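Peer 1:
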Amino acid sequence: MKLIYKKSLQLAYFFVYSIMNFTYKNIVLIFVFLVQANFLSAQNPNHILPDKATCELVKIAIDHTYNFEPEASKKICDQIRKKYPNHPGPDFIMSLNTYWDMFNNDTYKEQSTTFIMYLTRTIELSKKMIAKDEKDLEGTFFKLAAECYLALYYSERNETSNALTYAKKLYASIKVAMTLKTKLNEFYFPSGIYNYYVVMYPEVHPVFKPFMFLFLSGDKIKGLQEMDYAYRNTIFTKMEAAYHISNIYIKYEGTPILAYEYTKNLHQRYPKNLFFSLRYSEVLIEKGEYKEAEKIASHLNKSGKTYFIAASNVLYGMLYERYYKESETASTYFLKAIELAKVTANPEVDYLSMAYAGMGRYYKKISNKTKAADYYRKCRAIAEYHSVLKEADLYLSGK
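Residue numbers (our numbering): 730 to 1128.
The structure is reproduced here in structure tokens:
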């Protein structure tokens, strides 16, 4: 039983990393919609969400955050805090703002303490609300959300014990969200995420299959349908659904063409968000729209951001492979990406794995089997992309 319990916690830990990572940027907005749907009481003067004017400020602040405009978001958040000094919401929004700022500027080391501070304060203020009313929905929600994102933070740094401390609190909230989707369209998004990943993860990690009886069953096709429904029929989870269904098509389904509509929408709505541009450029390459993809690669390369410069070199490598048909030049870009990846603090390794695969293809082409295998093994050790894993496995298996 101890082993089963440990494995179930490990699976819950994954769900925090995947599901809560996916819902992180829109979690406050879901509650804004709950207010408008009369799910929260408008009688408590200490609650933000029944205040429609403040809700509009929340939406504007998060739009600024999405568009890599942290100072504009912070100013609005300070304005909200002045009106509601004892509410956990402003600190939670600031944790979100700090997260995207760390991602954009590669300042994880410099800003991690600030990130944790905002989440810790969120929990402390939430507990005070719950102490006054154990059924306080806002207090309960923000406490859970902050605990889940602390788990995400620790999971990215392989601090499993700390991650599991927070992760095991998540599963009950997912079950609740899934029951609410018929009453509120916004919940189609987390329901879709769960339905997809509860099936996909044990497929990729068979060791977890014996423990899946501990969880509600899922359905990958249904999950994708629910996320698409959320994209087309919701207000506040629309863009999150767009990002995450496109991410699934690109990374896990190996069908990036199906991500085109979603990634284009995100790129156009948030033009300063370099990550959205990066994902869009991947899809453009798969569609054969090389010139447009090259424009984005150039923009990322000039951004001054190490992570995005590294990723742009991967894009250039792919362009020189497929469009210019210059494999040796492509290899120089892949090597640049690998070197730059060594100095970035960003925990994301998707583009590093793609660079390793690119070098594997290069050495395969020039018949250097030893080096090709070496790069494919490095790729296999960190890759999550279905297409990249398949490529590495095919080569290393000798097929």
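Where a beta carbon is used, it is the ideal one built from N, C-alpha and C, also for glycine. The model shown is predicted, which means the values in this text are computed figures rather than measured ones.
Helix, strand or coil for Lys1031, going by three-state DSSP, please let me know.
Peer 2: To locate residue 1031, count along the sequence shown from 1; it is residue 302. Coil at Lys1031, not helix or strand.
Peer 1: Relative to the C-alpha of Lys1001, which candidate in Glu785, Ile845, Pro814 and Ile1025 has its C-alpha closest?
Peer 2: On the sequence shown, residue 1001 is found 272 positions in, with the first residue counted as 1. For the residues Glu785, Ile845, Pro814 and Ile1025, the minimum Cα distance to Lys1001 belongs to Ile1025.
Peer 1: At the level of alpha carbons, what is the spacing between Asn1042 and Lys1098?
Peer 2: Looking up residue 1042 in the sequence shown gives position 313. Looking up residue 1098 in the sequence shown gives position 369. Cα-Cα distance, rounded: 24 Å.
Peer 1: Beta-carbon separation of Glu1023 and Pro985 under 7 Å?
Peer 2: For the purposes of this step, residue 1023 is taken as the residue at position 294 of the sequence shown. For the purposes of this step, residue 985 is taken as the residue at position 256 of the sequence shown. No, Cβ-Cβ distance for Glu1023 and Pro985 is not below 7 Å.
Peer 1: Taking all protein chains shown into account, do 16 or more other C-beta atoms lie within 10 angstroms of the C-beta of Ala962, making it buried, or fewer, making it exposed?
Peer 2: In the sequence shown, counting from the first residue as 1, residue 962 sits at position 233. Before going further, note that residue 962 is Asn rather than Ala in the sequence given. Asn962 is exposed by the Cβ-count criterion.
Peer 1: So for Lys726, helix, strand or coil by DSSP?
Peer 2: Because the chain is modelled from 730 through 1128, residue 726 falls outside the range shown and cannot be assessed.
Peer 1: For the 8 Å Cβ check, are there 3 or more pairs between the region 798–816 and the region 1002–1009?
Peer 2: no
Peer 1: Figure out for me which residue from Ile789, Asp792, Phe942 and Lys856 has the closest Cα to the Cα of His816.
Peer 2: Locating residue 816 in the sequence shown gives position 87, where the first residue counts as 1. Ranking Ile789, Asp792, Phe942 and Lys856 by Cα distance to His816 puts Lys856 first.
Peer 1: By Cβ distance below 7 Å, which residues in the same chain neighbour Lys993 in space, the five residues on each side in sequence not counted?
Peer 2: Working through the sequence shown from its first residue, we reach residue 993 at position 264. Apart from sequence neighbours up to five positions away, the residues of its chain that approach Lys993 with a beta-carbon distance below 7 Å are Tyr1009, ordered along the chain.
Peer 1: Under DSSP, the alpha helix (DSSP H) around Met1088 begins and ends at which residues?
Peer 2: Here residue 1088 is taken as the residue at index 359 of the sequence shown, counted from 1. Met1088 -> alpha helix (DSSP H) spans Asp1079 to Lys1094.
Peer 1: Quick one: residues in its chain with C-beta nearer than 8 Å to the C-beta of Lys872, no 5 flanking neighbours on either side, listed in chain order?
Peer 2: For this step, residue 872 is matched to residue 143 along the sequence shown. Taken in chain order, the residues that qualify are Pro817, Thr851, Ile852, Ser855, Lys856 and Ile859.
Peer 1: Judging by CA-CA distance, which residue of Gly868, Glu1055, Leu1064 and Lys1071 is the nearest neighbour of Tyr1036?
Peer 2: If you number the sequence shown from 1, residue 1036 lands on position 307. The option with the nearest alpha carbon to Tyr1036 is Lys1071.
Peer 1: Which of helix, strand or coil does DSSP assign to Asn796?
Peer 2: Residue 796 sits at position 67 when you count from the first residue of the sequence shown. Note: Asn796 maps to coil in three-state DSSP.
Peer 1: Just to confirm my understanding: we take Ile819, look at its own chain, exclude 5 residues before and 5 after, and list those with CB closer than 6 Å. What are they?
Peer 2: Taking the first residue of the sequence shown as 1, we reach residue 819 at position 90. For the sequence presented, residue 819 should be read as Pro rather than Ile. Within the same chain, Pro819 has close Cβ partners Cys806, Ile809 and Arg810.
Peer 1: Locate the alpha helix (DSSP H) running through Ser1116, then write down its first and last residues.
Peer 2: Locating residue 1116 in the sequence shown gives position 387, where the first residue counts as 1. Residues His1115 to Leu1125.
Peer 1: In whole angstroms, give me the CA-to-CA distance for Leu1064 and Ile822.
Peer 2: Taking the sequence shown and counting its residues from 1, the one referred to as residue 1064 is at position 335. Taking the sequence shown and counting its residues from 1, the one referred to as residue 822 is at position 93. Those two C-alpha atoms are separated by around 38 Å.
Peer 1: I need the straight-line Cα distance from His1115 to Pro814, nearest angstrom please.
Peer 2: For the purposes of this step, residue 1115 is identified with residue 386 of the sequence shown, where counting begins at 1. For the purposes of this step, residue 814 is identified with residue 85 of the sequence shown, where counting begins at 1. The straight-line gap from Cα to Cα measures roughly 46 Å.
Peer 1: Can you look up Glu1023 in the DSSP assignment and give me helix, strand or coil?
Peer 2: For the purposes of this step, residue 1023 is identified with residue 294 of the sequence shown, where counting begins at 1. Three-state DSSP puts Glu1023 in a helix.
Peer 1: Exposed or buried, which one is Pro931 when buried takes at least 16 other CB atoms within 10 Å?
Peer 2: By one-based count along the sequence shown, residue 931 stands at place 202. Per the 10 Å Cβ criterion, buried.
Peer 1: Would you give the residue range spanned by the alpha helix (DSSP H) that Ala971 belongs to?
Peer 2: By 1-based counting over the sequence shown, the position of residue 971 is 242. Here the alpha helix (DSSP H) through Ala971 covers Lys967 to Asn976.
Peer 1: Just confirm the distance between the C-beta atoms of Glu1011 and Ile977, as a whole number of angstroms; I'd bet it's less than 8 Å.
Peer 2: The residue labelled residue 1011 in the question sits at position 282 within the sequence shown. The residue labelled residue 977 in the question sits at position 248 within the sequence shown. In fact, because the Cβ distance is near 13 Å, the residues do not count as touching under 8 Å.
Peer 1: Starting from the Cα of Tyr1062, find the closest Cα among Phe797, Glu1077, Thr1073 and Asn1030 and give me that residue.
Peer 2: Sequence index remark: in the sequence shown, residue 1062 carries index 333 (1-based). It is Asn1030.
Peer 1: Sort Pro1076, Ala1110 and Leu1125 by Cα distance to Tyr837 and report the nearest one.
Peer 2: Sequence index remark: in the sequence shown, residue 837 carries index 108 (1-based). Checking every option, the nearest Cα to that of Tyr837 belongs to Pro1076.
Peer 1: Can you give me the start and stop residues for the alpha helix (DSSP H) that His996 sits inside?
Peer 2: On the sequence shown, residue 996 is found 267 positions in, with the first residue counted as 1. Per DSSP, His996 belongs to the alpha helix (DSSP H) from Tyr989 to Arg998.
Peer 1: Straight-line CA distance for Glu839 to Asp830?
Peer 2: Residue mapping note: residue 839 aligns to position 110 of the sequence shown, counting from 1. Residue mapping note: residue 830 aligns to position 101 of the sequence shown, counting from 1. Glu839 and Asp830: Cα-Cα distance of roughly 11 Å.
Peer 1: Distance check for Tyr1052 and Leu1118, CA to CA, integer angstroms please.
Peer 2: Position 389 of the sequence shown, counted from the start, is the residue given in the question as residue 1118. Position 323 of the sequence shown, counted from the start, is the residue given in the question as residue 1052. Whole-angstrom Cα-Cα distance: 23 Å.
Peer 1: Throw me the rounded Cβ distance for the Ile844 and Tyr882 pair, which I believe falls under 8 Å.
Peer 2: Stepping through the sequence shown from its first residue, residue 844 is reached at position 115. Stepping through the sequence shown from its first residue, residue 882 is reached at position 153. Strictly speaking, residue 844 in this sequence is Phe, with Ile absent from that position. Confirmed, about 7 Å.
Peer 1: For the alpha helix (DSSP H) that Asp830 lies in, which residues bound it at each end?
Peer 2: Translated into the one-based positions of the sequence shown, residue 830 becomes position 101. Boundaries of the alpha helix (DSSP H) around Asp830: Gly818 to Asn834.
Peer 1: Helix, strand or coil, according to DSSP, for Asp780 in the structure here?
Peer 2: Residue numbering aside, residue 780 sits at position 51 when the sequence shown is read from its first letter. Of the three classes helix, strand and coil, the one that applies to Asp780 here is coil, per DSSP.
Peer 1: Between Phe959 and Met846, what straight-line distance do the alpha-carbon atoms span, to the nearest angstrom?
Peer 2: Within the sequence shown, the letter at position 230 stands for residue 959. Within the sequence shown, the letter at position 117 stands for residue 846. Per the sequence shown, residue 959 should be read as Ala rather than Phe. Approximately 32 Å between the Cα atoms of the pair.
Peer 1: So what's Gly1046 in DSSP terms, helix, strand or just coil?
Peer 2: As a first step, residue 1046 is located in the sequence shown; it is residue number 317 there, counting from the start. The answer is helix: DSSP assigns Gly1046 an H, G or I state.
Peer 1: Quick check on Val933: buried or exposed, where buried means 16 or more other Cβ atoms within 10 Å of its Cβ?
Peer 2: Taking the sequence shown and counting its residues from 1, one reaches residue 933 at position 204. Val933 should be labelled exposed.
Peer 1: Buried or exposed: where does Glu1050 fall if 16 or more other Cβ atoms within 10 Å of its Cβ makes it buried?
Peer 2: One-based indexing of the sequence shown puts residue 1050 at position 321. Buried, since its Cβ has 16 or more Cβ neighbours within 10 Å.
Peer 1: Check each candidate in Tyr1092, Ser920 and Glu1113 and name the one with the smallest Cα separation from Ser1060.
Peer 2: Numbered from 1 along the sequence shown, position 331 holds the residue referred to as residue 1060. For Ser1060, the nearest C-alpha among the options comes from Tyr1092.
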